[in-house]
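Visitor:
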Amino acid sequence: MSALAAKVSVAWNRLAARLSNSRSLLALLLLLLLGGLMTVLVQVVPGVEESHTGGAAALGFLILAAYLAGQVAQPYRLPKITGYLLAGIVFGPYVLNLVQEPDAERLDLINRLALGIIALTAGGELRLAKLRRQIRAISAFVGLRFVLIPLSVALVLYLLFDALSVAEAATAAQRVAAVVLLGLIATAISPSTTVAVITETDSAGPVTELSLAVAVTIDVAILLVFAPALALAEVISQPGASFQLTLMARVSWEILGALPIGILLGAGVVWYLRTVREEISIFLVGVVFFAVEFTNAIHSDPVLTCLVVGFVVENYSDQGEVLIETVESSSLPIYAVFFAVAGAALNLDALRARWVAALTIVLV
């Protein structure tokens with residue numbers, strides 16, 4: 016009986032592998048067909064890239080192309096977001112130019128909305144009770160990352176500054192300022208990527224929660240540290256320059272302004288989920304859209320605001336599960352748009368010019 020079960024299992028695995036490969040091949044063929052249709056639209060219809068039709072077509076094309084590219088990536092054990100990013104890069108302004116620069120700029124609002132929804136999800140995944148139990152581990156990971164990565168990246172870049180041909184005429188002080196800032200940038204972890212992978216793999220458990228908590232903590236810490244570091248770098252690199260307190264005040268407002276707005280919106284979401292409970296997806300999109308545009312208007316941080324909204328709903332109400340289930344049920348187009356637009360916006364010309372320096376930072 017066990018031998019028969021083993022044979023059935025092997026046969027089933029082979030069938031599943033063939034079906035997976037056939038789906039991947041079909042997705043690739045559809046992706047090529049879709050690219051051909053978009054090529055015809057861009058090449059045949061004059062001025063389409065400057066019209067609203069071109070922007071709508073670019074959005075629809077990016078969503079479909081990203082989805083199909085994600086399907087193509089699956090048999091190779093790659094996350095779907097890898098396919099989304101590659102679709103944006105390949106079809107974007109710097110390779111095939113099917114999604115042109117005006118299209119990418121018009122999609123910025125959609126991209127900000129997608130980032131806000133991802134931040135809402137991240138906040139909803141941060142459970143206060145579990146964070147308290149992991150506070151030592153979080154502090155250790157964040158502390159080590161903030162010490163080891165900036166120091167190692169800054170040291171390597173400083174030693175290789177001339178070989179990398181970044182700015183040969185820079186003084187020693189300017190070099191120190193530049194490598195310190197690059198070291199801080201290299202420290203950052205993308206919470207959006209972390210959330211996307213967690214959602215796709217349906218991961219759960221202490222390691223998953225720790226990874227997300229570390230990513231969010233580092234993101235907020237970078238926001239706190241980068242402004243004074245930038246102001247200090249200006250003082251070091253430019254003789255006679257003074258420390259810019261206005262920059263510090265602006266960053267403080269970005270953070271402090273986001274907190275009360277996020278708390279108020281979070282309370283509103285809790286009320287809606289408890290009393291109305293209809294068309295929740297549309298309501299949440301409206302909340303995120305308002306949060307993003309309002310905080311941009313008052314020069315506060317929209318991502319932190321949406322993060323606080325999710326955190327409030329999860330930890331100060333019994334509606335956290337409803338929030339996460341609603342957002343994750345419609346997460347595919349959100350992630351597809353966000354990462355495809357990010358890929359399309361990647362400046363490959365700048366990367367070609369400085370690929371050695373970029374590769375050095377990645378390897379360090």
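Just so you know, we're using the working numbering here: the sequence shown kicks off at 16 and counts up by one. Every residue, glycine too, gets a C-beta built ideally from N, C-alpha and C. Remember, predicted model here, so these are calculated numbers, not experimental data.
Who are the near neighbours of Ala88 in its chain, counting only those whose CB is closer than 8 Å to its CB and skipping five residues on each side?
Guide: Cβ within range, chain order: Pro94, Lys95, Thr97, Gly98, Leu101.
Visitor: Leu41 to Leu225, Cα distance in whole Å?
Guide: When rounded, the distance between both Cα atoms is 38 Å.
Visitor: The alpha helix (DSSP H) spanning Glu329 covers which residue range?
Guide: Note, Glu329: alpha helix (DSSP H), 317 to 330.
Visitor: Are at least three pairs of beta-carbons, each pair with one atom in the region 158 to 166 and one in the region 361 to 368, less than 8 Å apart?
Guide: No, the region 158 to 166 does not touch the region 361 to 368.
Visitor: Quick check: what's the CA-CA separation for Thr136 versus Ala192?
Guide: Cα to Cα, the separation comes out at about 36 Å.
Visitor: With a cut-off of 8 Å on the beta carbons, I'd call Val60 and Ala359 a contact; round off their distance for me.
Guide: With a Cβ gap of about 20 Å, Val60 and Ala359 do not count as contacting.
Visitor: Suppose the cutoff is 8 Å on Cβ atoms and the five residues either side in sequence are ignored; what does the same chain contact list for Asp316 look like?
Guide: Taken in chain order, the residues that qualify are Leu238, Glu269, Ile270, Gly272, Ala273, Thr310.
Visitor: Assuming contact is defined by CB atoms lying nearer than 8 Å, are Val284 and Val324 in contact in what I supplied?
Guide: It is a contact, given that the beta carbons lie within the stated cut-off.
Visitor: Apart from the five residues just before and just after Tyr109, which ones in its own chain have a Cβ nearer than 6 Å to its Cβ?
Guide: Result list for Tyr109: Leu363, in chain order.
Visitor: Just checking my contact of Ala355 with Gly103 at CB under 8 Å: how many whole Å lie between their CB atoms?
Guide: Confirmed, Cβ separation roughly 4 Å.
Visitor: Which residue from Glu120, Leu46, Ile125, Leu319 puts its Cα closest to that of Val350?
Guide: The displayed chain sequence assigns Tyr, not Val, to residue 350. Nearest option by C-alpha distance: Ile125.
Visitor: Quick one: residues in its chain with C-beta nearer than 6 Å to the C-beta of Gly70, no 5 flanking neighbours on either side, listed in chain order?
Guide: These residues qualify, in order along the chain: Asp118, Arg121.
Visitor: Any idea what DSSP makes of Trp27, helix, strand or coil?
Guide: Bear in mind that a pLDDT of 49 at Trp27, under 50, signals an unreliable position, so the number given afterwards is only what the model happens to contain. Looking at Trp27 - three-state DSSP - the assignment turns out to be helix.
Visitor: Could you tell me whether the Cβ atoms of Val231 and Leu141 are closer together than 8 Å?
Guide: Going by C-beta atoms, Val231 is nearer than 8 Å to Leu141.
Visitor: Between Val210, Val235, Ile233, which has its C-alpha nearest Thr223's C-alpha?
Guide: The shortest Cα separation from Thr223 among Val210, Val235, Ile233 belongs to Val210.
Visitor: Ignoring anything shorter than 4 residues or poking outside the region 106 to 173, list the alpha helix (DSSP H) runs there in chain order.
Guide: Listed in chain order, the complete alpha helix (DSSP H) runs (minimum 4 residues) inside the region 106 to 173 are 116 to 121, 123 to 140, 143 to 148.
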